[in-house]
Amino acid sequence: MADPLASFRTVTDLFLVKYDLVGGILTPTPIGIPSAPSSAVLAPGFTTEDLTQTSCQGPTEVILTYLASTIPELTIGFSSVGPELEAALLNRKAEAVTNEEGWVYFSAVADDTTVAARVDGDFGFSVTAQDANSEALVYYFNPDTKLSVPLTIAAGAPAGQDEIQIGAALELTLHADLAATGYQIYGWVPAVVFPNKTKINNRSPLLYGAYMMGVCFDGTVRQLTARRLGWFPGGDFTKEPSREIKFRVLADSNSSTGYGYSIEYIPEAATC
Numbered sequence: 001m002a003d004p005l006a007s008f009r010t011v012t013d014l015f016l017v018k019y020d021l022v023g024g025i026l027t028p029t030p031i032g033i034p035s036a037p038s039s040a041v042l043a044p045g046f047t048t049e050d051l052t053q054t055s056c057q058g059p060t061e062v063i064l065t066y067l068a069s070t071i072p073e074l075t076i077g078f079s080s081v082g083p084e085l086e087a088a089l090l091n092r093k094a095e096a097v098t099n100e101e102g103w104v105y106f107s108a109v110a111d112d113t114t115v116a117a118r119v120d121g122d123f124g125f126s127v128t129a130q131d132a133n134s135e136a137l138v139y140y141f142n143p144d145t146k147l148s149v150p151l152t153i154a155a156g157a158p159a160g161q162d163e164i165q166i167g168a169a170l171e172l173t174l175h176a177d178l179a180a181t182g183y184q185i186y187g188w189v190p191a192v193v194f195p196n197k198t199k200i201n202n203r204s205p206l207l208y209g210a211y212m213m214g215v216c217f218d219g220t221v222r223q224l225t226a227r228r229l230g231w232f233p234g235g236d237f238t239k240e241p242s243r244e245i246k247f248r249v250l251a252d253s254n255s256s257t258g259y260g261y262s263i264e265y266i267p268e269a270a271t272c
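Taking the working numbering, I'd label the letters of the sequence shown as residues 1 to 272.
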């Protein structure tokens with residue numbers, strides 16, 4: 001009689017690492033994963049070739065099929081990712097930095113002559129007061145022409161509708177004529193120094209490794225191990241939080257299948 005409880009159910013957890021040379025030794029470090037994989041596909045990548053002969057009646061027939069190559073790919077999907085996973089999508093690393101320049105985008109409604117400054121901890125708090133030489137760009141849409149109208153950055157109080165003052169912590173001062181319009185204004189301020197930020201840099205790991213745990217219907221553990229992975233292009237950045245990362249499974253003489261990955265069932269209960 002069949003026992004469906006003994007069969008594999010789903011993947012539940014993933015431990016992903018990147019490898020770098022540290023003191024001449026290939027050393028793994030973990031990649032932060034904020035949520036469990038939403039999907040995982042291991043494509044074995046088998047290609048076969050046939051030996052053929054011509055039969056006595058003329059048609060060609062296959063007399064032997066053999067495995068010509070195996071080029072496995074591992075594709076892992078996530079409903080949401082953090083900076084380290086996004087970096088892996090680009091075959092790059094993420095790092096925390098301090099006191100580096102960036103830019104700030106803002107929007108506001110022109111319904112008052114002042115827009116309050118941002119408070120500590122809010123995006124835009126690091127903006128310094130801008131003068132007439134500022135490279136900041138601010139505009140509003142003219143509802144009649146449907147064109148953007150640039151605002152001149154003023155060092156002091158605006159002298160006309162098409163001027164704006166940008167103070168420290170993104171405090172805005174508008175001319176009364178502009179404040180009477182109720183227009184939506186949009187701005188971009190460069191050369192803002194952020195005390196802390198995390199960025200994706202231009203350095204690439206040498207290799208990756210994936211340790212994937214799943215569960216069977218009877219609650220026991222099933223593991224897939226791919227210790228040597230090469231980055232493989234294919235994942236895209238979209239406005240949605242989900243991401244998909246692809247890897248090429250590399251040869252590993254210690255893999256249980258001989259194809260670069262191991263699949264193992266362990267008769268112990270999976271615990272959370």
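Here a beta-carbon is modelled for each residue, glycine too, at the ideal position from N, C-alpha and C. Source: prediction; values computed, not measured.
Per the coordinates, the alpha-carbon of Leu206 lies some 13 Å from the alpha-carbon of Ala87.
Between Thr238 and Tyr261 the beta-carbon gap is near 28 Å, outside 8 Å, which marks them as no contact. In the three-state DSSP reduction, Pro83 falls in the helix class (H, G or I). Assigned with DSSP and collapsed to three states, Asp162 falls in coil, not helix or strand.
Within 10 angstroms of the beta-carbon of Gly209 lie 16 or more other beta-carbons, which makes it buried. Here Ala191 has Glu101, Trp103, Glu135 as same chain residues with Cβ atoms under 8 Å from its own Cβ, once five neighbours each way along the sequence are excluded. Only residues of its own chain outside the window of five on either side were considered, and among them none has a CB closer than 8 Å to the CB of Lys146. For the pair Asp252 and Arg227, the CB atoms are nearer than the 8 Å cut-off.
Taking one beta carbon from each stretch, the region 29 to 46 and the region 9 to 18 have 3 or more pairs nearer than 8 Å; the two touch. Collapsing the DSSP output to three states places Asp177 in a helix. Pairing Tyr211 with Gly124, the inter-Cα distance amounts to about 40 Å. With fewer than 16 other Cβ atoms from the protein chains shown falling within 10 Å of its own Cβ, Arg203 counts as exposed. Look at Pro44 here: in three-state DSSP terms it is coil, with no helix or strand label. In the DSSP assignment, Ala96 falls within the beta strand (DSSP E) that extends over 94 to 109.
Annotation for Leu206: no beta strand (DSSP E) segment contains it, and DSSP assigns it neither H nor E. Distance from the Cα of Arg243 is smallest, within the candidate group Arg92, Gly82, Asp177, Ala154, for Gly82. When DSSP assignments are scanned along the region 43 to 78, the uninterrupted stretches of beta strand (DSSP E) that are 3 or more residues long and fall wholly within it turn out to be 46 to 54, 60 to 70, 73 to 78. Secondary structure note for Val138: its beta strand (DSSP E) is the uninterrupted segment 137 to 141.
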